[in-house]
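Chains as they are written, first to last, in this note's numbering: chain A, 1056 to 1240; chain B, 33 to 436; chain C, 834 to 1002.
Ideal Cβ positions, reconstructed from N, Cα and C, are used throughout, including at glycine.
None of the values given here were measured: they were computed from a predicted structure.
First the structure, in the form of structure tokens, and then the observations on it.
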Amino acid sequence: MSMEIIEQFQAKYPDVVEETHNHRGDATVRVKPDSWLQVFGFLKEEAGFDQWIDLTAADYLGREEGLPRFEVVVHLRRMKDGARIRVKARLAGPSPSIDTLSGVYKGANWMERECHEMYGIVFKGSPDLRPLLLYPEFKGFPLRKDYPIDQRQPRVPLLGSEVRRYSKAPDDTPHGHLAAEKKNV
Amino acid sequence: MNANHIMNTMEMEQELENDLLEITLGPSHPAMHGTIQMKVKLDGERVAFCDVEPGYLHRGFEKECEDHRWNQIFPYTDRLNYVSPIINNVAFAMAAEKLCGLEVPERCQYLRVILSEMCRITDHLTCLAAVVMELGAFTAFLYFVKARELYYDLLESVTGARLTYSWLRIGGARWDIPDGFVEQAKKAIPETRRILKEIDGLFTKNRIFLDRVVNVGVISQSDAISYGITGPFLRSTGVAYDVRKAHPYAVYDRFEFDIPVGENGDCFDRYRVRMAEMEQSLRILEQALPKIPGGPISVKDPKYTLPDKQAVYTTIEGTINHFKLIFDDIHPPKGEVYAAVEGGNGELGFYLVSDGGNKPVKCRCRPPCFPIMAALGGIITGHMLADIIPIFGSVNMIGGEMDR
Amino acid sequence: MGLEQKLSGVSYIATKAEFFINWARKWSLFQYPFVTACCGMEFMSTMCSHFDLARFGAEFPRFTPRQADFLIVVGTISHKQAPILRRVYQQMCVPKWVIAFGACASSGGFYDNYATVQGVDKVIPVDVFIPGCPPRPEMVLDGFMKLQAKIQAEKLDEHSAEKRYRMLP
């Protein structure tokens, strides 16, 4: 069902769509970030996707050459026949930004706030981008791949000592050994 | 205005009108379920403005998932919606199995449905218990918890734990149900119905309860859909959307059950929808329990399922297989999926991205109560201070799911 | 406080007074349940009919720290929540005790990340740790009985600034 919508959209705006796929039955389309509002205007008004499901982002640091690092992913659903669609956009660089969807769907604002504080993606035109789950003294964006998992920023001075036995390396060998240490063996 | 000017009544009213009292229903509050802060600006007794601040239970679920192997994520999913943990396990397992392209055996599908419905009953029991306790009915809280203990005992006999089960694995479940489970479950169903009937007699026509919850916390259908609200909150406005009927998963399409809907979208409709949903869950249990098929509990694929203990101890292939799965875990093929189930609060979805490795690149949980809390500020505005309690209780915000 | 310090450990009257004061304190504890997460469900089960906490005299929770005797920290404490926990502890009147309920309150549980305090004892001093994720209600009652044993064994001048209540940073 949703693949037809994507094909319809691709026919109407041919230079906006970058990639589409239907892996495991999930209709997905990746678009250029500048056309974000145009895409969602089409989806809401003409295609009838009225139910807001999800907005999130993913960090592909060092995984795919040739593509920008961050990807914003939105899931939508149509109430009348249950069709689902996934819309993505790739954003580059240390301070990525994209248009806000809070004018189009009401549920977008809180999810954008969470995305902003976790990844640092700025949603242009958003009515409210205060941190949602983290506290104002927290510096940095924890869900980025280069933020170490146990870098703590305590809000009150802690009693007792916090001796770190190890810090988990951001590589994916089963025991978390750093690749550099392996070379020394 | 100099100091000698004596204000007349009209001027005094104008002066006082600008004074909004700001109070904080702080994070450590009995009615805030422990973890929400609401900064409320009051005009007399009416709420003029409400700012909800979550995040006091943010435990870094997504970051932990990116750091752990696929099967190690199940204990983290248990603690998302901790009043119905099997449903979170089912959601994650379904998403990962969709990613891997696995077809789980029928026995496991039936057991997933049965245990999910038991967990849905415990979810609704806990939610209503908290609501009525905060409205002052402590005895009904004890009745609800008594009913909940029946299911904790049943689930403990299957999984070994009362609350955080981690019973499912990608490709099946950890182990099979014990003998006597079906008989014990069949005995629990009429007992639950008896307790629910008692509670229904206490509340549904109770004047005090009705005065506090009717026409309180109303939300319109179009607002609810635009916010992304699902579950009993949406069904109380009249929209009959249930993931079990709209996108059937496991073996839900083989059972007959209705979707209760409300009319006005107020707290009383949510109470009635939840009570009716418990009855429908009991109906599903009655249909499913006699029909559990035999067969294996997990997919018979050595890449995904641990081999039998006998094979591990006596054959070399079993030992190596066990070793590989424990130390290196599964490697789902590259891709991304989104799979959703009907949680206690609505559509619980998991968005998983894999790059062929043994840890997920992205594991996002779409919490059902998040959009409801986003809408809460708007719903509460205009009501009185005491109305915040039943409205917030009927949301059934679970901190683990909301803040992850 | 002054009289108790002068009398403590010295005479027959002091030991008898200790016995009765501690006996009265341990059987009439008013709890402040600082509930955040999943352990709250087991806390609810412990309080209700099956595993009754009321038979220990500790049934009625006081939802204000000014009226509570002991603070029971149930569930994970994140760094965002830590200042609130510390302020609640400071608002309680002496004598006061703390139970850390659950693995997350005792040591951070399995959330070893940027958001979680690795144990409530990094924020406030703790008397009894109850491990478990979540602990069974029987374990909670056992931990509670250990707290009662600790209270019974206290000296008269136990709750003084030198022995227990140094100022928190």
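What did DSSP end up calling cysteine 151 of chain B once you bin it into helix, strand or coil?
Here residue 151 of chain B is taken as the residue at index 119 of the second sequence, counted from 1. Cysteine 151 of chain B falls in the helix class under three-state DSSP.
May I ask which residues mark the beginning and end of the alpha helix (DSSP H) holding leucine 314 of chain B?
In the second sequence, counting from the first residue as 1, residue 314 of chain B sits at position 282. Residues 299-320.
List the residues of chain C whose Cβ lies closer than 7 Å to the Cβ of aspartate 1017 of chain A, in chain order.
Residue 1017 of chain A is absent from the model: chain A starts at 1056 and stops at 1240.
Helix, strand or coil for proline 117 of chain B per DSSP?
By 1-based counting over the second sequence, the position of residue 117 of chain B is 85. In the structure shown, proline 117 of chain B sits in a helix (DSSP, three-state: H, G or I).
Verify whether the separation of the beta carbon atoms of tryptophan 930 of chain C and phenylalanine 903 of chain C is less than 8 Å.
As a first step, residue 930 of chain C must be located in the third sequence, where it is residue number 97. As a first step, residue 903 of chain C must be located in the third sequence, where it is residue number 70. Closer than 8 Å, so yes.
Glutamine 923 of chain C (DSSP reduced to helix, strand or coil)
Position 90 of the third sequence, counted from the start, is the residue given in the question as residue 923 of chain C. Helix.
Per DSSP, valine 79 of chain B is paired with what?
As a first step, residue 79 of chain B is located in the second sequence; it is residue number 47 there, counting from the start. Valine 79 of chain B is bridged to B/Leu74.
Please list the partners that glutamate 96 of chain B has in chain C, where partner means a Cβ-to-Cβ separation under 9 Å.
As a first step, residue 96 of chain B must be located in the second sequence, where it is residue number 64. Those within 9 Å of glutamate 96 of chain B in chain C are Phe943, Tyr944, Asp945, Asn946.
Go ahead and label valine 136 of chain B buried or exposed: buried means 16 or more other beta carbons lie within 10 angstroms of its beta carbon, across all protein chains shown.
Sequence index remark: in the second sequence, residue 136 of chain B carries index 104 (1-based). The residue in question, valine 136 of chain B, is buried, as its Cβ has 16 or more Cβ neighbours within 10 Å.
Using C-beta distances below 6 Å, list every residue in its chain close to aspartate 1227 of chain A, excluding the 5 sequence neighbours before and after it, in chain order.
Counting from one through the first sequence, the residue named residue 1227 of chain A turns up at place 172. Its pLDDT being 49, under 50, aspartate 1227 of chain A is placed unreliably in this model, and the value from its coordinates should be taken loosely. Cβ within range, chain order: n/a, list empty.
Terminal residues of the alpha helix (DSSP H) in which leucine 1092 of chain A lies:
On the first sequence, residue 1092 of chain A is found 37 positions in, with the first residue counted as 1. Here the alpha helix (DSSP H) through leucine 1092 of chain A covers 1091-1096.
Would a check of beta-carbon distances place glutamine 1065 of chain A closer than 8 Å to chain B?
Within the first sequence, the letter at position 10 stands for residue 1065 of chain A. No, glutamine 1065 of chain A does not count as interfacial toward chain B.
Could you tell me the distance, in whole angstroms, from the CA atom of glycine 965 of chain C to the CA atom of alanine 936 of chain C?
Counting from one through the third sequence, the residue named residue 965 of chain C turns up at place 132. Counting from one through the third sequence, the residue named residue 936 of chain C turns up at place 103. C-alpha separation (whole angstroms): 5 Å.
Looking at arginine 139 of chain B: is its Cβ nearer than 8 Å to the Cβ of proline 422 of chain B?
For the purposes of this step, residue 139 of chain B is taken as residue 107 along the second sequence, with counting starting at 1. For the purposes of this step, residue 422 of chain B is taken as residue 390 along the second sequence, with counting starting at 1. No, Cβ-Cβ distance for arginine 139 of chain B and proline 422 of chain B is not below 8 Å.
CB contact below 8 Å: alanine 933 of chain C versus chain A:
Within the third sequence, residue 933 of chain C is the residue found at index 100, counting from 1. Not one chain A Cβ lies under 8 Å of alanine 933 of chain C.
Tell me, please, whether the CB atom of proline 392 of chain B is closer than 8 Å to any CB atom in chain C?
The residue given as residue 392 of chain B occupies position 360 in the second sequence. By this cut-off, proline 392 of chain B is not an interface position.
When you check each C-beta in the region 173-191 of chain B against every C-beta of chain C, which residues fall closer than 7 Å?
Leu174, Val177, Lys178, Glu181
Kindly say whether alanine 870 of chain C, judged by its beta-carbon, lies nearer than 8 Å to any beta-carbon of chain B.
The residue you call residue 870 of chain C lines up with position 37 of the third sequence. Yes, because at least one Cβ of chain B sits closer than 8 Å to the Cβ of alanine 870 of chain C.
Length of the line joining the Cα atoms of glutamate 166 of chain B and glycine 376 of chain B:
As a first step, residue 166 of chain B must be located in the second sequence, where it is residue number 134. As a first step, residue 376 of chain B must be located in the second sequence, where it is residue number 344. Whole-angstrom Cα-Cα distance: 20 Å.
Assuming methionine 880 of chain C and leucine 886 of chain C make a contact with CB atoms under 8 Å, what is their CB distance in whole Å?
Here residue 880 of chain C is taken as the residue at index 47 of the third sequence, counted from 1. Here residue 886 of chain C is taken as the residue at index 53 of the third sequence, counted from 1. Right, their Cβ atoms sit about 5 Å apart.
Residues of chain C with a CB under 8 Å from the CB of tyrosine 1190 of chain A: which are they?
Translated into positions along the first sequence, residue 1190 of chain A becomes position 135. Chain C residues near tyrosine 1190 of chain A: His912, Lys913.
Does glutamine 1208 of chain A come out as helix, strand or coil in the three-state DSSP assignment?
On the first sequence, position 153 is the one that residue 1208 of chain A refers to. Correct three-state label for glutamine 1208 of chain A: coil.
Could you check whether the Cβ of aspartate 885 of chain C sits closer than 8 Å to any Cβ belonging to chain A?
In the third sequence, counting from the first residue as 1, residue 885 of chain C sits at position 52. Taking Cβ atoms only, chain A never reaches closer than 8 Å to aspartate 885 of chain C, which makes this a no.
Report the three-state DSSP secondary structure of phenylalanine 287 of chain B (helix, strand or coil).
Start at 1 with the first residue of the second sequence, and residue 287 of chain B comes out as number 255. Coil, per DSSP.
Per DSSP, what are the beta-bridge partners of alanine 407 of chain B in this structure?
In the second sequence, the residue the question calls residue 407 of chain B occupies position 375. In DSSP, alanine 407 of chain B forms no bridge with anything.
8 Å Cβ cutoff, methionine 877 of chain C in contact with chain B
Counting from 1 along the third sequence, the entry for residue 877 of chain C is found at position 44. At least one chain B Cβ lies under 8 Å of methionine 877 of chain C.
By Cβ distance, which residues of its chain are closer than 6 Å to alanine 1113 of chain A, with the 5 residues on each side in sequence left out?
Against the first sequence, residue 1113 of chain A aligns to sequence position 58. If we look at alanine 1113 of chain A and ignore the five residues flanking it on each side, its Cβ neighbours are Glu1126.
Can you tell me where the alpha helix (DSSP H) with lysine 366 of chain B in it begins and where it stops?
Taking the second sequence and counting its residues from 1, the one referred to as residue 366 of chain B is at position 334. Note, lysine 366 of chain B: premise wrong, no alpha helix (DSSP H); not H, not E.
Of all the options B/Pro117, B/Thr347, B/Leu160, which has the alpha carbon lying nearest to the alpha carbon of leucine 187 of chain B?
For the purposes of this step, residue 187 of chain B is taken as the residue at position 155 of the second sequence. Ranking the options by Cα distance to leucine 187 of chain B, first place goes to B/Pro117.
Which chain F residues are close to valine 115 of chain B, counting only those with a beta carbon under 7 Å from its beta carbon?
Absent here is chain F; the protein component of the structure consists of chains A, B and C.
Residues bridged to tryptophan 930 of chain C by DSSP?
To locate residue 930 of chain C, count along the third sequence from 1; it is residue 97. According to DSSP, tryptophan 930 of chain C bridges with C/Phe903.
Let me know the alpha helix (DSSP H) ranges lying completely inside the region 147-209 of chain B, each 4 residues or longer, listed in chain order.
170-191
Near-chain C residues of the region 81-110 of chain B - C-beta to any C-beta below 9 Å:
Gly87, Tyr88, Leu89, His90, Arg91, Gly92, Phe93, Lys95, Glu96, Asp99, Pro107, Tyr108, Asp110
Taking DSSP as the reference, what is the three-state secondary structure of tyrosine 947 of chain C?
The count along the third sequence starts at 1 and reaches residue 947 of chain C at position 114. Three-state result, tyrosine 947 of chain C: coil.
Return the chain-ordered list of same chain residues with a C-beta closer than 7 Å to the C-beta of tyrosine 1160 of chain A, the five sequence neighbours on each side being excluded.
Position 105 of the first sequence, counted from the first residue, corresponds to residue 1160 of chain A. Cβ within range, chain order: Trp1107.
Residue(s) in a DSSP beta bridge with threonine 897 of chain C
Here residue 897 of chain C refers to the residue found at position 64 when the third sequence is read from its first residue. Partner(s): none; threonine 897 of chain C has no beta bridge.
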